[in-house]
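What follows is a single structure, written as structure tokens, with notes after it.
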Amino acid sequence: MAFDFTPLVPPGLPPPAARWTGAARYNFTFGNNDPAGLAVDDLRAAAAAALSRQGRRLADCRLLTGPQGYKPLREFLVKKLKRDAGIECNADDIMMVSGSLQALDLVNAALLVPGDTIICERDCYEGTLNRYTRRGINVVGIPLDQGGMRMDALEAALAELKAKGVRPKFIYTIPTVQNPTATILDESRRKKLLALAEAHSVPIFEDDCYSDLVWSGERPVALYAMSKSKNVIHIGSFSKTIAPALRVGFVVAPWAVLSRLLPLKTDAGSGGLEQMMLAEYCEAHFAEHVPRLRKRFQAKLDTMVAALNEQFGTAAEFDYPPGGIFLWVKLPDEVDAMKLREAALAAGVHVNPGPEWSIDKAYSRSRIRLCFASPTHDEIREGIALLAEVCRREFGVPERSANVARRSSVV
Ligand SMILES: Cc1ncc(COP(=O)(O)O)c(C=O)c1O
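Taking this note's numbering, the leading residue of the sequence shown gets 36, the next gets one more, and so forth.
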């Protein structure tokens with residue numbers, strides 16, 4: 036008899052994981068990158084150069100540059116953040132982490148206790164929402180429109196909370212290519228957001244991991260840069276621009292915050308070779324790599340849009356995203372996205388159901404999130420056609436696809 040570990044597991048843990056049995060043939064989930072767009076040769080050369088020049092640093096968990104991470108990479112970020120996001124900071128204001136997910140964990144661990152309240156966009160990154168649920172946090176969701184988080188709704192929510200004597204711990208926002216809506220908060224809303232946050236003495240937690248992926252190449256100045264009172268914690272990542280498996284992200288924050296995050300980062304430092312390779316690679320190639328990647332992603336988006344129009348027609352409603360790697364799609368009301376996910380998965384298509392990406396389960400019931408960055412153009416076309424078939428079989432919509440009318444009982 037195998038030893039029974041079950042009684043040892045403390046209550047409150049997430050449910051046990053199912054064993055991985057392989058990815059779906061058509062995978063439109065996960066914020067993965069485009070394998071064909073990965074600069075493997077340049078990364079290999081950068082790793083080799085980093086190892087020959089700096090390899091002996093790997094004998095030290097912190098690469099001999101201290102607990103905030105590899106300093107040449109932080110120095111690259113200082114320049115990049117100034118150029119692209121308008122952020123004036125120095126290497127000591129930056130802390131490297133193991134993916135920006137670790138940044139979420141650290142900030143949450145430093146600032147939140149069960150029963151606390153935070154504010155975020157109503158539709159929001161699942162990895163963020165899960166973390167709040169697990170910590171027993173009250174989440175107040177602010178509706179979005181095509182311009183991102185609605186400031187009138189935020190103002191009302193803050194006033195309502197104040198009337199109840201509740202001061203939210205922070206406003207978490209993904210202002211530049213929001214996940215899942217892909218909206219971008221413009222400068223005037225950014226100003227309003229900062230003004231409201233200041234008026235209510237609430238800090239802002241700015242998650243900026245998609246900001247390099249705006250098709251026009253122009254992003255609004257970061258909230259961190261605009262804040263006069265230094266009440267913003269800014270996090271970013273190399274996952275969306277270079278490769279998610281490197282697991283390299285970063286936090287930019289005042290020392291009062293970093294000094295509380297550092298003791299909570301108990302993994303003795305993030306992957307050293309990854310940071311060294313990125314420092315080498317980014318100095319030489321980042322600026323020219325990212326526009327190439329944006330072109331690849333936008334071409335895939337166009338393929339997905341064409342496939343949705345062809346297969347779903349007016350049954351799939353969405354706004355053309357100004358950047359990023361996903362589409363937030365509204366299907367007809369009869370579609371239960373949670374059921375669609377299961378039925379589609381059984382047929383080999385994986386999609387993210389809206390209710391897992393929103394705190395408003397009714398609003399998001401018939402919505403799905405589709406990632407277009409990693410599948411090929413053919414996979415996008417075939418996968419969306421299959422998704423339409425499954426959707427029609429399960430819910431009777433779309434009634435027509437590829438301009439062919441079908442009885443729902445046919446498929
Ligand atoms: C909004 C947002 N924040 C953070 C992350 C985590 O990214 P990583 O840990 O790979 O940096 C993601 C990944 O999809 C995301 O969409």
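Ideal placement from N, C-alpha and C gives every residue a C-beta, glycine not left out.
Any chance the CB of proline 107 is under 7 Å from a heavy atom of ligand 1? Here residue 107 refers to the residue found at position 72 of the sequence shown. The answer is no for proline 107.
Hey, is the segment 115-122 in contact with the segment 229-249, meaning 3+ C-beta pairs nearer than 8 Å? The segment 115-122 and the segment 229-249 touch, with no fewer than 3 CB-CB distances between them shorter than 8 Å.
For arginine 435, which of Glu369, Glu345, Gly418 has the nearest alpha-carbon? One-based indexing of the sequence shown puts residue 435 at position 400. Nearest C-alpha to arginine 435: Glu345.
What distance in whole Å lies between the Cβ atoms of alanine 192 and isoleucine 177, which are believed to be in contact at a cut-off of 8 Å? By one-based count along the sequence shown, residue 177 stands at place 142. By one-based count along the sequence shown, residue 192 stands at place 157. The beta carbons of isoleucine 177 and alanine 192 sit about 6 Å from each other, so the pair counts as a contact at 8 Å.
Please classify glutamate 156: is it buried, with 16 or more other beta-carbons within 10 angstroms of its beta-carbon, or exposed? Numbered from its first residue, the sequence shown carries residue 156 at position 121. Under this definition glutamate 156 is a buried residue.
Given leucine 141, which residues of its chain have a CB within under 8 Å of its CB, disregarding the five upstream and five downstream residues? Start at 1 with the first residue of the sequence shown, and residue 141 comes out as number 106. Cβ neighbours of leucine 141 beyond the five flanking positions: Val132, Val286, Leu296, Leu299, Lys300.
Suppose the cutoff is 7 Å on Cβ atoms and the five residues either side in sequence are ignored; what does the same chain contact list for proline 45 look like? Against the sequence shown, residue 45 aligns to sequence position 10. Taken in chain order, the list of residues that qualify is empty.
In this structure, how does DSSP classify alanine 314 when only helix, strand and coil are distinguished? Taking the first residue of the sequence shown as 1, we reach residue 314 at position 279. Three-state result, alanine 314: helix.
N- and C-terminal bounds of the beta strand (DSSP E) containing valine 286: Residue 286 sits at position 251 when you count from the first residue of the sequence shown. Note, valine 286: beta strand (DSSP E), 284-287.
Taking 7 Å as the cut-off, is the C-beta of glycine 200 nearer than that to any heavy atom in ligand 1? Indexing the sequence shown from 1 puts residue 200 at position 165. Because no heavy atom of ligand 1 lies under 7 Å away, the Cβ of glycine 200 does not count as near it: no.
Could you round the C-beta distance between alanine 53 and valine 384 to whole angstroms and report it? I think they count as a contact, below 8 Å. Taking the sequence shown and counting its residues from 1, one reaches residue 53 at position 18. Taking the sequence shown and counting its residues from 1, one reaches residue 384 at position 349. Your pair alanine 53 and valine 384 does not check out as a contact, with CB atoms roughly 18 Å apart and the cut at 8 Å.
Assigned exposure category for tryptophan 290 - 16 Cβ within 10 Å defines buried: Along the sequence shown, one-based indexing puts residue 290 at 255. Exposed is the call here.
Looking only at DSSP bridge pairs, what is tyrosine 61 linked to? Position 26 of the sequence shown, counting from 1, holds the residue named residue 61. Under DSSP, tyrosine 61 takes part in a beta bridge, and its partners are Val384.
State buried or exposed for leucine 48, treating a residue as buried only when at least 16 other CB atoms are found within 10 Å of its CB. Your numbering for residue 48 matches position 13 in the sequence shown. Answer is exposed; the Cβ neighbour count stays below 16.
Is any non-hydrogen atom of ligand 1 found closer than 7 Å to the C-beta of glycine 66, if you look at the structure I gave you? Counting from one through the sequence shown, the residue named residue 66 turns up at place 31. Correct: glycine 66 has its Cβ closer than 7 Å to ligand 1.
7 Å Cβ shell around leucine 455 - same chain, five flanking residues per side excluded: Here the chain has residues from 36 to 446 only, and residue 455 is not among them.
With DSSP as the reference, label valine 212 as helix, strand or coil. Numbered from 1 along the sequence shown, position 177 holds the residue referred to as residue 212. Note: valine 212 maps to coil in three-state DSSP.
Runs of beta strand (DSSP E) wholly within the segment 139-166 (minimum 3 residues, chain order): Note on the segment 139-166: whole beta strand (DSSP E) runs with a minimum of 3 residues are 152-156, in chain order.
Closest by CA to alanine 74, which one among Ala372, Met261, Ala322, Leu421? As a position in the sequence shown, residue 74 is number 39, starting the count at 1. Closest in C-alpha terms to alanine 74, from the list Ala372, Met261, Ala322, Leu421, comes Ala322.
CB-CB under 7 Å to arginine 185, same chain, minus the five flanking residues each way: which ones, in chain order? Here residue 185 refers to the residue found at position 150 of the sequence shown. Excluding its 5 nearest sequence neighbours in each direction, arginine 185 has C-beta neighbours in its own chain below 7 Å: Ile177, Pro178, Leu179, listed in chain order.
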